[in-house]
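Undergrad: Here the sequence shown is numbered in the working numbering, starting from 122 and rising by one per residue.
For glycine and all other residues, C-beta sits at the position ideal for the given N, C-alpha and C.
These numbers come from a predicted model, not from an experiment.
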Amino acid sequence: MKSAGILRTNPDFRRYWLSSTLSTLGSQLSLLAFPLLVLSIGGSAAQAGTVATCSMVTRTLLRLPAGQLADRLDRRMIMVGTDLVRLVALASIPLASGLGELGQTHLLCVAIVEGAATALFSPAATIAVRDVVPEKDLTDALSRSQTAMASSSLIGPFLGGWLFTLDPILPFAVDAASYGVSAVLLLRMGTLPSQKVPDTERDNRLTAGLRWLTHQRALLAALLFAAGINIVSAAAQTTMVVSLRQSGAGGTAIGAVMACAGIGGLLGAAAAPWLIKRNPAGRMFLLIGTVWALGLAVFSATTQPWAIGPVLVVVVFFSPPAGIVVGRAILVLAPRDLLGRVSTATGLLMAGLASAGPVMAGSFVDSMGGSRTWLVLAGAAAVVTVLSSVPLLRETSLDATGDGNADSAKGGGDPDTAVPSERSAGEPSPGQAAPDGTKPVGLIPAPPAPPRSAGGS
């Protein structure tokens with residue numbers, strides 16, 4: 122089934138996809154506007170950074186508990202509830218501004234509440250994808266989601282900056298509205314959560330997802346690749362900005378170069394199903410890592426924006442397929458009753474490691490210069506590729522098979538761990554009630570969704 126087909130024939134995924142797209146676009150609108158608002162009401166750069174840091178810290182601390190809640194409670198109600206909490210939090214900014222009471226403390230509280238709600242939303246959204254999408258359509262569904270997110274990331278900041286010039290509060294009002302629309306769409310999803318494993322058979326430990334991952338050799342190799350490239354990509358973003366600035370490039374030129382990453386991600390997400398069907402996971406990772414290593418080496422030889430931009434498009438073009446392979450593998454291989462904790466453990470691993478990238482890049486640029494830093498990053502990409510992709514060249518468990526009953530074939534047979542088989546639109550999976558009444562994630566995202574920024578959805 123083509124990616125366009127799943128939106129046409131699967132109404133629940135269509136609602137999920139539209140909800141995620143609108144919400145992601147809303148978060149991108151406020152991504153740029155939030156620090157600008159802090160500064161516009163008299164805050165310092167340090168205060169603007171503190172607001173963003175508090176949101177990130179809150180999300181990080183709640184990752185594992187959020188996964189445990191998603192495995193135990195009604196996931197759709199978690200998503201709807203957190204959307205409504207974030208709607209109220211974001212809507213309080215225009216309200217406080219209208220009353221003349223908007224201040225730094227208020228914005229800090231909004232960032233913390235939004236970060237906590239986002240942490241709870243994300244693992245529930247991961248399981249929602251598995252609830253509503255048959256296994257054979259997961260590649261196309263994840264590709265569709267990444268395409269939407271890449272598009273939002275490309276146009277959102279520009280649109281948010283324009284709205285901010287019209288009225289500093291307008292981006293936050295639009296973002297709050299996106300949460301309301303998202304909640305309505307999620308309530309209209311007809312596929313109910315699958316039947317849960319009885320507590321007597323459930324592993325209720327907070328670290329159950331991490332424990333499960335330690336026994337998945339192929340998946341760990343894929344995560345090593347994705348996490349390693351994410352560290353390199355995070356470091357490369359900082360190195361790119363600093364190097365271009367030191368070479369005399371202006372803000373417009375730097376912005377245009379960074380936009381090339383969005384273009385590459387958008388094109389790569391659209392081409393991902395075609396690439397994945399024709400390349401096993403090991404060969405795909407080897408190709409992606411090789412392109413990254415060569416592209417970063419090219420950056421060491423030039424600081425001309427007109428030369429860097431096209432190379433950046435090519436480098437990022439090959440990243441979305443890796444994110445889709447990793448995301449699909451987790452959705453297919455992880456037991457249903459552990460999926461929330463597995464997804465949050467994966468996100469913690471990848472986000473935690475990637476956070477070291479900018480600090481590392483800044484230190485390298487200061488000590489050895491931009492050109493040598495690019496070579497170090499190119500070497501790091503090559504090492505990660507060899508260590509992770511070579512062991513997967515003969516591994517097939519991460520490859521899309523197109524079989525909607527692969528879980529059963531693995532010998533599980535448990536209705537709570539099996540992926541829904543192919544069904545007609547609106548038909549419930551086994552173990553689900555009749556219909557009555559969600560985002561996937563550096564440059565290679567960890568499922569389920571790209572992290573939201575302070576004040577974003």
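Pull up the CB-CB distance for LEU275 and GLY383, whole angstroms please, since I reckon it's below 8 Å.
TA: Here residue 275 corresponds to residue number 154 of the sequence shown, with the count starting at 1. Here residue 383 corresponds to residue number 262 of the sequence shown, with the count starting at 1. That belief holds up - the Cβ atoms of LEU275 and GLY383 are roughly 4 Å apart, short of 8 Å.
Undergrad: Since VAL201 contacts LEU308 with CB under 8 Å, what's their CB separation in whole angstroms?
TA: If you number the sequence shown from 1, residue 201 lands on position 80. If you number the sequence shown from 1, residue 308 lands on position 187. Yes, VAL201 and LEU308 are in contact; Cβ-Cβ is about 6 Å, under 8 Å.
Undergrad: Name the residue from LEU211, GLN189, PRO431 and VAL412 whose alpha carbon lies nearest to the alpha carbon of ARG457.
TA: Counting from one through the sequence shown, the residue named residue 457 turns up at place 336. The residue with the shortest Cα to Cα distance from ARG457 is GLN189.
Undergrad: Tell me which residues share the same chain as GLY532 and place their Cβ nearer than 8 Å to its Cβ, disregarding the 5 neighbours each side in the sequence.
TA: Start at 1 with the first residue of the sequence shown, and residue 532 comes out as number 411. Because the pLDDT at GLY532 is just 36, under 50, the model does not fix this residue reliably, and the point stays unresolved.
Undergrad: Can you tell me the Cα-Cα spacing of ASP520 and ALA154, whole angstroms?
TA: Within the sequence shown, residue 520 is the residue found at index 399, counting from 1. Within the sequence shown, residue 154 is the residue found at index 33, counting from 1. Cα-Cα distance, rounded: 41 Å.
Undergrad: Between LEU220 and chain D, is there a C-beta pair that is closer than 8 Å?
TA: In the structure shown, chain D does not exist; there is a single protein chain.
Undergrad: Please classify SER161 as buried or exposed, where buried requires at least 16 neighbouring CB atoms within 10 angstroms.
TA: Here residue 161 refers to the residue found at position 40 of the sequence shown. Label assigned to SER161: exposed.
Undergrad: Tell whether a beta-carbon distance below 8 Å holds between GLY389 and SER464.
TA: Numbered from 1 along the sequence shown, position 268 holds the residue referred to as residue 389. Numbered from 1 along the sequence shown, position 343 holds the residue referred to as residue 464. No, the Cβ-Cβ distance between GLY389 and SER464 is not below 8 Å.
Undergrad: Tell me, to the nearest whole angstrom, how far the beta carbon of LEU150 is from that of THR203; I am working on the premise that it is less than 8 Å.
TA: Here residue 150 refers to the residue found at position 29 when the sequence shown is read from its first residue. Here residue 203 refers to the residue found at position 82 when the sequence shown is read from its first residue. Rounded, the Cβ-Cβ distance is 19 Å, inconsistent with contact.
Undergrad: Assuming MET270 and ALA348 are in contact, meaning their beta carbons sit under 8 Å apart, how far apart are those beta carbons, in whole angstroms?
TA: The residue you call residue 270 lines up with position 149 of the sequence shown. The residue you call residue 348 lines up with position 227 of the sequence shown. About 19 Å separates the two Cβ atoms, so there is no contact after all.
Undergrad: Quick check on the DSSP output: the alpha helix (DSSP H) that includes HIS227 runs from which residue to which?
TA: By one-based count along the sequence shown, residue 227 stands at place 106. Residues 225 to 253.
Undergrad: Select from PHE438, ALA466 and VAL437 the residue whose C-alpha is nearest the C-alpha of ILE451.
TA: Locating residue 451 in the sequence shown gives position 330, counting from the first residue. For ILE451, the closest C-alpha among the options PHE438, ALA466 and VAL437 is that of ALA466.
Undergrad: For THR506 and LEU216, I'd like the C-alpha separation in whole angstroms.
TA: The residue you call residue 506 lines up with position 385 of the sequence shown. The residue you call residue 216 lines up with position 95 of the sequence shown. Looking at the two C-alpha atoms, the distance is approximately 50 Å.
Undergrad: How is MET310 classed by DSSP in three states: helix, strand or coil?
TA: In the sequence shown, residue 310 corresponds to position 189, counting from 1. In the structure shown, MET310 adopts coil according to DSSP, grouped into three states.
Undergrad: Restricting to Cα atoms, I'd like to know which of THR130, ASP252, VAL234 and TRP138 is closest to MET177.
TA: Here residue 177 refers to the residue found at position 56 when the sequence shown is read from its first residue. It is VAL234 whose Cα lies nearest to the Cα of MET177.
Undergrad: Does the Cβ-Cβ distance between VAL432 and VAL419 come in under 8 Å?
TA: Numbered from 1 along the sequence shown, position 311 holds the residue referred to as residue 432. Numbered from 1 along the sequence shown, position 298 holds the residue referred to as residue 419. Yes, the Cβ-Cβ distance between VAL432 and VAL419 is below 8 Å.
Undergrad: How is GLU256 classed by DSSP in three states: helix, strand or coil?
TA: Counted from its first residue, the sequence shown places residue 256 at position 135. Three-state result, GLU256: helix.
Undergrad: Restricting to Cα atoms, I'd like to know which of ASP487, ASP133, ARG197 and ARG515 is closest to THR359.
TA: To locate residue 359, count along the sequence shown from 1; it is residue 238. Ranking ASP487, ASP133, ARG197 and ARG515 by Cα distance to THR359 puts ASP487 first.
Undergrad: Roughly how many whole angstroms lie between the Cα atoms of SER243 and LEU469?
TA: By 1-based counting over the sequence shown, the position of residue 243 is 122. By 1-based counting over the sequence shown, the position of residue 469 is 348. In a straight line, the C-alpha of SER243 is about 12 Å away from that of LEU469.
Undergrad: Mind the definition here: the segment 489 to 502 touches the segment 214 to 232 only if three or more C-beta pairs lie below 8 Å; say whether that holds.
TA: no
Undergrad: Counting only the same chain and skipping the five closest in sequence on each side, list residues whose C-beta sits under 7 Å from that of SER272.
TA: For the purposes of this step, residue 272 is taken as residue 151 along the sequence shown, with counting starting at 1. Counting only Cβ-Cβ distances below 7 Å, and skipping sequence neighbours, we find LEU387.
Undergrad: Taking the alpha-carbon of VAL511 as reference, which of LEU417, ALA294, ARG462 and PHE346 has the nearest alpha-carbon?
TA: Along the sequence shown, read from residue 1 onward, the residue named residue 511 stands at position 390. Nearest of LEU417, ALA294, ARG462 and PHE346 to VAL511, Cα basis: PHE346.
Undergrad: Tell me the DSSP secondary structure of SER368 in three-state form.
TA: Your numbering for residue 368 matches position 247 in the sequence shown. If DSSP states are grouped into helix, strand and coil, SER368 belongs with coil.
Undergrad: Taking the alpha helix (DSSP H) that ASP192 belongs to, which residues open and close that run?
TA: Here residue 192 corresponds to residue number 71 of the sequence shown, with the count starting at 1. Per DSSP, ASP192 belongs to the alpha helix (DSSP H) from 184 to 193.
Undergrad: Return helix, strand or coil for ASP288, following the three-state DSSP convention.
TA: Residue 288 sits at position 167 when you count from the first residue of the sequence shown. Three-state result, ASP288: coil.
Undergrad: Answer yes or no: do GLY410 and ALA502 have a C-beta to C-beta separation smaller than 8 Å?
TA: Position 289 of the sequence shown, counting from 1, holds the residue named residue 410. Position 381 of the sequence shown, counting from 1, holds the residue named residue 502. Yes, these two residues count as a Cβ contact at 8 Å.
Undergrad: What's the gap between the Cα of ILE127 and the Cα of ALA329?
TA: On the sequence shown, residue 127 is found 6 positions in, with the first residue counted as 1. On the sequence shown, residue 329 is found 208 positions in, with the first residue counted as 1. For ILE127 and ALA329, the distance between alpha carbons rounds to 32 Å.
Undergrad: Straight-line CA distance for LEU280 to ARG135?
TA: Position 159 of the sequence shown holds residue 280. Position 14 of the sequence shown holds residue 135. When rounded, the distance between both Cα atoms is 24 Å.
Undergrad: Applying the 10 Å Cβ sphere with the 16-neighbour rule, what's the burial state of VAL305?
TA: Numbered from its first residue, the sequence shown carries residue 305 at position 184. The residue is exposed, with fewer than 16 neighbouring Cβ atoms inside 10 Å.
Undergrad: Among GLY491, LEU229, VAL254 and PHE406, which has the Cα closest to the Cα of LEU508?
TA: Position 387 of the sequence shown holds residue 508. With distances taken between Cα atoms, LEU508 lies closest to PHE406.
Undergrad: Give a yes or no on whether the C-beta atoms belonging to THR181 and GLY461 are separated by under 8 Å.
TA: Taking the sequence shown and counting its residues from 1, the one referred to as residue 181 is at position 60. Taking the sequence shown and counting its residues from 1, the one referred to as residue 461 is at position 340. Result no, Cβ atoms of THR181 and GLY461 do not sit closer than 8 Å.
Undergrad: Output the boundary residues of the alpha helix (DSSP H) element that contains ILE204.
TA: Looking up residue 204 in the sequence shown gives position 83. Residue identity differs from the one stated: residue 204 is Asp in this sequence, not Ile. In the DSSP annotation of this structure, the continuous segment of the alpha helix (DSSP H) that includes ASP204 starts and ends at 196 to 219.
Undergrad: When the Cα of LEU146 is compared with those of ILE290, VAL363, SER299 and ALA342, which residue comes out closest?
TA: For the purposes of this step, residue 146 is taken as the residue at position 25 of the sequence shown. Nearest option by C-alpha distance: SER299.
Undergrad: Give me the residue from ASN351, THR424, VAL412 and LEU344 with the minimum Cα distance to GLN367.
TA: To locate residue 367, count along the sequence shown from 1; it is residue 246. Ranking the options by Cα distance to GLN367, first place goes to THR424.
Undergrad: With a cut-off of 8 Å on the beta carbons, I'd call ALA245 and ARG196 a contact; round off their distance for me.
TA: Against the sequence shown, residue 245 aligns to sequence position 124. Against the sequence shown, residue 196 aligns to sequence position 75. Right, their Cβ atoms sit about 4 Å apart.
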